[in-house]
Structure formats: structure tokens, C-alpha cells
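Undergrad:
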Amino acid sequence: MKKLMLFSLMFLSIQIFSQDFNKEDCDRYLKQTGLKYLECVYNFEKTDSKDKIYQLYKWSAFGKTIFTNVEKRKSGYFLISHEVFQPIYNEKTQEFDYPIVVCENRKLTEKEFNDFEDVLNKNKFWEKKTYELKPICSDGFGIVFQALHNGDYRNYSNGNCAAQNEYLNVLYTEIKKLLKLY
């Protein structure tokens, strides 16, 4: 049973690195993570061109897996963060249940959001057109960082088992400290 749960968690991570998304994949992500995957929003939903949505997915094969959205929308600035646990097989429904804990769901001030974007600018986030490292191990950890900013979409990944001083690990550490993330 443990192997089956690990397989399901690995399936989620593998899907994230997949290039071909469809609406069913997007529905599955929402069910598994509690948040819409940003590539799905970009491909299948209308958003205001002034919206700015950033999504950080910090996953670990044996530790915490956290989805975090930082958003600027017409209605304000928001931070939403969910911890996703290994799926649990439900014998009654013969399907997997996906336990999710809401870590944070709060409004941000304009200053907090601007400070967040300053961190991105300081780290030359928008200067990188692509950023994707190949996995260097099979059961480690990684970060996927997506951004939808004025109609421009980015999807960066540090693969699997990147060094602590690698670009996305450093950026995530700065953002975590700035926004006091879980």
C-alpha cells in the first residue's frame, strides 16, 4: 500500500513536468492540490490582462509538498498556500482521497506584494525566458515556479535534487522568508 501511495505522489510530480495538459488533467490537479494549476489557468480560463498570478510548487518525495499562490487581482492581493499529503486509498469508493491542509489564506498588503515582485526583479526572474534543470536523482525534492504576468506565462523547474545554492532554491528561500510562508 505504501508503494501505491508513493506511486500516486510521483505521478502528480511527473504530470507537473508533462507538456501536454488537457482539462481532465486540470480537474485532477485541482482535486489533488486544492489550487488550480497555473498552466491550466493560462490555457483554459480567461483572466484579466492586469492579473498577476505566481504559483510555487515545492515538492518532496518524503517531506512536505506545498502549493502556494501569490496573486494580484482586481479585488486585491492574496496569498494561498496548501500542504498536500500522500493520497489515501478509500476502499468504499475504490478511489484515492487527497488530504489537503490550508496553511495560509490571507490578503496581502500592496507593499507585501510589491516587495515580493522586488525579490523577483532582484533575481532577474523575467530575464530568463526558460529555466529547466534535468533531474539528477529519482526520489528527492524540487521546485516548479510558474508566473502569469500581464499575459506573459513562465514555467520554471529545478528538476530533482538541485543544490541548495541553485537559482530556484535560493529564490524560494527569499520568498519564504519575505512572506513568512509555512
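Residue 1201 is where the sequence shown starts when you use our numbering, and the numbers rise one by one after that.
Beta carbons: idealized from backbone N, C-alpha and C, even for Gly.
Note that the structure is predicted; figures quoted are calculated from it, not measured.
#1: By DSSP, does CYS1361 sit in helix, in strand, or in coil?
#2: Alpha carbon to alpha carbon, what distance is there between THR1293 and ALA1347?
#3: At the level of alpha carbons, what is the spacing between THR1233 and GLU1291?
#4: Tell whether a beta-carbon distance below 7 Å holds between LEU1371 and ASN1323.
#5: From LYS1246 to CYS1240, what does the alpha carbon distance come to, in whole angstroms?
#6: With H, G and I counted as helix, E and B as strand and the rest as coil, what does DSSP make of LEU1333?
#7: Using CA coordinates, which residue listed in GLU1310, TYR1277, GLN1255, ARG1273 is at the minimum distance from SER1357?
#8: How long is the line joining the alpha carbons of LYS1329 and TYR1367, rounded to whole angstroms?
TA: In short:
#1: Three-state result, CYS1361: coil.
#2: Looking at the two C-alpha atoms, the distance is approximately 36 Å.
#3: When only Cα atoms are considered, THR1233 and GLU1291 end up about 21 Å apart.
#4: In this structure, ASN1323 lies closer than 7 Å to LEU1371 by Cβ.
#5: Just so you know, the alpha carbons of LYS1246 and CYS1240 end up roughly 11 Å apart.
#6: Three-state DSSP puts LEU1333 in coil, outside helix and strand.
#7: Restricting attention to GLU1310, TYR1277, GLN1255, ARG1273, the CA atom closest to the CA of SER1357 is found in GLN1255.
#8: Cα atoms of LYS1329 and TYR1367: separation of roughly 14 Å, rounded to the nearest angstrom.
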